[in-house]
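Quick note: to get our numbering, add 79 to the position in the sequence shown (first position is 1). Ideal Cβ placement from N, Cα and C applies to all residues, glycine included.
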Amino acid sequence: MGEEKSVMVVGIEDNQHSFYALEWTLDHFFTNYNSNSPFKLVILHAKPTPASIIGLSAGPGSVEAFSAIESNLKKIAARVVEKAMEICKAKSVNDAVVEIVEGDARHVLCEAVEKLHASVLVVGCHGYGVIKRTVLGSVSDYCAHHAHCSVMIVKKPKTKT
Numbered sequence: 080m081g082e083e084k085s086v087m088v089v090g091i092e093d094n095q096h097s098f099y100a101l102e103w104t105l106d107h108f109f110t111n112y113n114s115n116s117p118f119k120l121v122i123l124h125a126k127p128t129p130a131s132i133i134g135l136s137a138g139p140g141s142v143e144a145f146s147a148i149e150s151n152l153k154k155i156a157a158r159v160v161e162k163a164m165e166i167c168k169a170k171s172v173n174d175a176v177v178e179i180v181e182g183d184a185r186h187v188l189c190e191a192v193e194k195l196h197a198s199v200l201v202v203g204c205h206g207y208g209v210i211k212r213t214v215l216g217s218v219s220d221y222c223a224h225h226a227h228c229s230v231m232i233v234k235k236p237k238t239k240t
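What follows is the structure, encoded as structure tokens:
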């Protein structure tokens, strides 16, 4: 009987930092193991709710706006998943599980880690300064403080000018 693999969750969104974090993770924990990686890979995209985009106010035209935003969010989620699967395929990682869960990324990732009993959560880093991080909130910072597992924050190296 084979030993159960630890679960590694990689949170992705529609930006270069997330895809870099996924590629880095695949290179360091999966590509060189020929399917003998010590981890089961779960790639997770948190799709925002339309209400989180437009707010909860219901004014004239809000139904149309809600539908248009929902449609756009679904297209973005499909594009993110497709890109993640392309990256996995290019790195010969064919057994990754890719999921889309609706909600705030911070909460979705922490809940997934708990539900899946993950050992590691990997997230990318935007490289925001203190002010932007304070105003916008930081998914990586939130997860580092609230996830019930180790959190690896992968930073994309700065390009030298």
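Take E193, set aside five residues on each side of it, and the residues of its chain with a beta-carbon closer than 7 Å to its own are H227, in chain order. The residues H124, V177 and I179, in chain order, have a CB closer than 7 Å to that of V160 in the same chain once the five nearest residues on each side in sequence are set aside. The alpha helix (DSSP H) runs lying completely inside the segment 156 to 204 and spanning 4 residues or more are 184 to 195, given in chain order.
The residue from K84, N173 and Y99 with its alpha-carbon nearest to that of G90 is Y99. Linking K237 to P117 through their CA atoms gives a straight-line distance of about 30 Å. In this structure, the straight-line span from the alpha carbon of A169 to that of H96 is close to 18 Å. The criterion of a C-beta distance shorter than 8 Å is not satisfied by T128 and G203.
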